[in-house]
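Respectively, the protein sequence lines represent chains R and Y. Going by this note's numbering, the first sequence opens with residue 4, and the numbers climb by one from there. Going by this note's numbering, the second sequence opens with residue -4, and the numbers climb by one from there. Even glycine gets a Cβ: it sits at the ideal position worked out from N, Cα and C.
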Amino acid sequence: MGQTMIEKLFSRHNLQGQQVRAGDFLDARIDGAMCHYQFMDVHKLAIDAGFKEGFPRIWDVERFFLLVDHHQPALAQNYADENVKMRREAARLGVKYFHDAEPGIAHQMMTDYGYVRPGELVVGNDSHTIAYGALNAGSSGITRADMMYALLFGELWFQVPETIKIVLNGRAPNYPIAKDIILYLAGKYGDDFAQNMSLEFTGSLVPGLDMDGRLCLSTSGVEVAAKFALFPFDEKTKAHVDTRTDKPYEPLIADPDATYVREIVVNVDEMPFVIAKPHQFGNVCPINEAGGIKIDQAQIGACTNGRYEDIEIAARMLRGRKVARGVRFLISPSSQQVYLQCLKDGLIAQLIESGAQVVTPGCGICQPKVGYLADGEVCITATTRNFKGRKGSLNSDIYLAGPLSVTAAAVAGKIVDPREVFDEL
Amino acid sequence: MSYDLSQMIRGRVWKFGDSVDTDAINPYYLYSTMEELKQHTMESYRPEFPKEVKPGDIIVAGRNFGCGSHRPGLVLKEVGIAAIVVESASRLFLRNNIALPLPIFVVPGIGGVIEDGETLELDYPNGKAINAATGASVAFRKYPPMIEQIFACGGLPALARQRYLSETQGKGVA
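As structure tokens, then:
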């Protein structure tokens, strides 16, 4: 009987050696572990469990990646203080891959620097660690306590998930489409339709989706409750990975007779522009149903939408246009590498000339930290989540949409179908 | 400290809907200390919750409880919640509660047998959640032995410590 990608991955990583199937529990070997600033919380768990000096060891420093992420630059005094402690612990444990003075989002940097390879099992203490499925890796968020166990032994318990096949058909348009796809899926099938399951993306659209779009879709997998969100290995994956790492890898390929619990087919050519209304990811409608709502803030950034294609579309659409008077349009590249490429290509100058503000790479734009909302304010954002209070006031409204729709709203000063603003589309 | 899954849990129910998010449970972005978190947990859904919750109370919720980030619901343990009973849970929230440990039971159909403010009894050995007033009950599946062992050890950090000591004993490593 055939195996899905994730059944193959866990069969290869099963410490007991034998093949496993969806539903089986196992102890699995870990290929890579990513920690961000919460490494210090993991460290504290170790102390509380009786390790007086903190972690006694990292199981393999070649497989551990520590990135300060959320807390670089330090946006509060306690972050700065924690960062000092983290440097001390990293030095004591001999951490080799430590990005402590570089702003940016861990999930983008992990892929920028070639720390993840196809076929690997990679865990991280952040829910969006599911991102690396775009690279054909089995990656998933784990908890702080799980991380403590994983860092000591290089092993962790898992249940092999069932898999939903997502068939994406149609042609890639000349603007990013990934955010609209995941919002459309959440709206149609619910914000937990993939609860505890693995997603496999396939279909005629996939070869046309660049790595930026794939990373957006995989990262957003957690917003529909998925455990893994995998893309097939192809020429684009190979080009991305081989320019960043020399280490060998073995891609995951699903068997033709693998068993799927469900198959969902989406024709993106017929998909409308969509938007998630406050305060849940699955509260989705076609964008024109929310049309006319005045906005105070527009945003593009975060681990889902701070990549080159997200910023490029904003710059392209703003050429010859201005952000509406009184609207704050915040853009945060997801890493220094992304930021640099945008600078070299003139995108940042275009954004600033048109009235947008570009902020330091990092997670702050997706939290209150960068750009708090006041009572009664409305924000449209291409970031991860629209939970109540996530951008400050419990009495503010957050709408989620793709970067094209966000840019259109920034120009119009209100939520609008982007085709009404950008006649070149 | 070990956790005994076989003990009966009985408590007053706080009922919530679907997709309660971790930003609501643990509004870390707005409040940094545990004392502050205790004063604001769940307020975006029910403002009275942090003021009126009592040790021993039980949370009953709909599907996808604890969606969002990987942040643990430690604050719910701190305010004295004895158990969380849900139609379904986000996998990271589930993992967190197993690791803490704070008993969490996935009980499809729970919303149909209990209302807010009523008393719920949880009988893990027999896999039953029972409305104390009406006697109405609904069955749930037990955890596999691998997970029961984590509860028995008092959580995953304790299990890790125990394994580390057993593997390094006599090898001159502290």
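Can you name the start and end residues of the beta strand (DSSP E) that residue 5 of chain Y belongs to? Element bounds for residue 5 of chain Y: 4 to 10.
Enclosing alpha helix (DSSP H) for residue 38 of chain R [first to last residue]: Segment 35 to 38 is the beta strand (DSSP E) holding residue 38 of chain R; no alpha helix (DSSP H) there.
Tell me which same chain residues have a C-beta within less than 6 Å of the C-beta of residue 115 of chain R, skipping the five on either side of it? Here the set comprises 338 and 340.
Quick one: what's residue 289 of chain R bridged to in DSSP? Residue pairing by DSSP places residue 289 of chain R opposite R:277 in a beta bridge.
For the beta strand (DSSP E) holding residue 204 of chain R, just list the boundary residues, first then last. Residue 204 of chain R: member of the beta strand (DSSP E) spanning 201 to 205, first to last residue.
Taking 8 Å as the threshold (C-beta atoms), are residue 309 of chain R and residue 80 of chain R in contact? Going by C-beta atoms, residue 80 of chain R is not nearer than 8 Å to residue 309 of chain R.
Figure out for me which residue from R:411, R:342 and R:120 has the closest Cα to the Cα of residue 249 of chain R. Closest in C-alpha terms to residue 249 of chain R, from the list R:411, R:342 and R:120, comes R:120.
Check whether the Cβ of residue 155 of chain Y lies closer than 8 Å to any Cβ atom in chain R. Output row for residue 155 of chain Y: interface = yes.
Residues within the stretch 59 to 86 of chain Y neighbouring chain R, beta-carbon criterion of under 9 Å: Cβ contacts with chain R: 59, 62, 63, 64, 65, 66, 67, 83, 84, 85 and 86.
Hey, how far is the Cα of residue 327 of chain R from the Cα of residue 413 of chain R? Taking the straight line joining both Cα atoms gives about 6 Å.
Nearest-angstrom beta carbon gap, residue 126 of chain R and residue 143 of chain R [assumed within contact, 8 Å]: About 6 Å separates the beta carbon of residue 143 of chain R from that of residue 126 of chain R, a gap short enough to meet the 8 Å contact definition.
Is it true that the CB of residue 77 of chain Y sits closer than 8 Å to the CB of residue 51 of chain Y? Taking 8 Å as the Cβ cut-off, residue 51 of chain Y and residue 77 of chain Y qualify as a contacting pair.
Could you please give the first and the last residue of the uninterrupted beta strand (DSSP E) stretch that includes residue 390 of chain R? Boundaries cannot be given for residue 390 of chain R, as no beta strand (DSSP E) includes it and DSSP labels it neither H nor E.
Complete beta strand (DSSP E) runs within the stretch 193 to 238 of chain R (minimum length 3 residues, chain order): Counting only runs of 3 or more residues that sit fully inside the stretch 193 to 238 of chain R, the beta strand (DSSP E) segments are 201 to 205 and 231 to 233, in chain order.
Using 10 angstroms around the beta-carbon of residue 4 of chain R, count the other beta-carbons present and answer buried if the total reaches 16, otherwise exposed. Exposed: under 16 other Cβ atoms inside 10 Å.
Of the listed residues R:128, R:275, R:92 and R:238, nearest to residue 153 of chain R (C-alpha basis): Looking at R:128, R:275, R:92 and R:238, the one whose alpha-carbon comes closest to that of residue 153 of chain R is R:128.
Proximity to residue 46 of chain R [Cα-Cα], best of R:386, R:195, R:407 and R:90: With distances taken between CA atoms, residue 46 of chain R lies nearest to R:90 out of R:386, R:195, R:407 and R:90.
Which residues bound the alpha helix (DSSP H) around residue 253 of chain R? First-last for residue 253 of chain R: undefined, no H or E at that position.
Could you check what DSSP says for residue 166 of chain R in three-state terms: helix, strand or coil? Strand at residue 166 of chain R.
Beta-carbon gap between residue 304 of chain R and residue 368 of chain R smaller than 8 Å: Yes.
Do residue 6 of chain Y and residue 97 of chain Y have their beta-carbon atoms positioned less than 8 Å apart in this structure? No Cβ-Cβ contact shorter than 8 Å links residue 97 of chain Y with residue 6 of chain Y.
How about residue 136 of chain Y: is its C-beta nearer than 8 Å to some C-beta of chain R? No, residue 136 of chain Y does not count as interfacial toward chain R.
Should residue 32 of chain R be flagged as near chain Y, meaning a C-beta pair shorter than 8 Å? Chain Y has no Cβ within less than 8 Å of the Cβ of residue 32 of chain R.
Residue 123 of chain Y, enclosing beta strand (DSSP E) - first and last residue: Element bounds for residue 123 of chain Y: 123 to 126.
Pair every Cβ in the stretch 270 to 280 of chain R with every Cβ in the stretch 349 to 360 of chain R, then say whether three or more of these pairs are closer than 8 Å. No contact exists between the stretch 270 to 280 of chain R and the stretch 349 to 360 of chain R.
Residue from R:176, R:208, R:177 and R:157 whose Cα sits closest to the Cα of residue 169 of chain R: Closest by alpha carbon: R:208.
Given this structure, state the Cα-to-Cα distance separating residue 314 of chain R from residue 349 of chain R, to the nearest angstrom. When rounded, the distance between both Cα atoms is 11 Å.
What's the C-alpha gap between residue 410 of chain R and residue 418 of chain R? The straight-line gap separating the alpha-carbon atoms of residue 410 of chain R and residue 418 of chain R is approximately 10 Å.
Beta carbon proximity, residue 199 of chain R to chain Y, threshold 8 Å: So, interface residue.
Reducing DSSP to helix, strand and coil, say where residue 426 of chain R ends up. DSSP, reduced to helix, strand and coil, places residue 426 of chain R outside both helices and strands of the structure shown, so it counts as coil.
Going residue by residue through the stretch 10 to 42 of chain Y, where are the continuous alpha helix (DSSP H) segments of at least 4 residues, counting only ones entirely within it? Listed in chain order, they are 17 to 20 and 29 to 35.
Beta-carbon spacing of residue 69 of chain R, residue 104 of chain R below 8 Å: At the C-beta level, residue 69 of chain R and residue 104 of chain R stay beyond 8 Å of one another.
Since residue 360 of chain R sits in a beta bridge, which residues does DSSP pair it with? Residue 360 of chain R is bridged by DSSP to R:333.
Name the DSSP bridge partner or partners of residue 443 of chain R? Residue coverage of chain R in this structure runs from 4 to 428, which leaves residue 443 of chain R outside it and unanswerable.
For residue 338 of chain R, the residue or residues it bridges with in DSSP: Its beta-bridge partners are R:107.
Assumed close pair residue 29 of chain R, residue 19 of chain R - CB separation to whole angstroms, cut-off 8 Å: Under the criterion of beta carbons closer than 8 Å, residue 29 of chain R and residue 19 of chain R qualify as touching, at roughly 7 Å.
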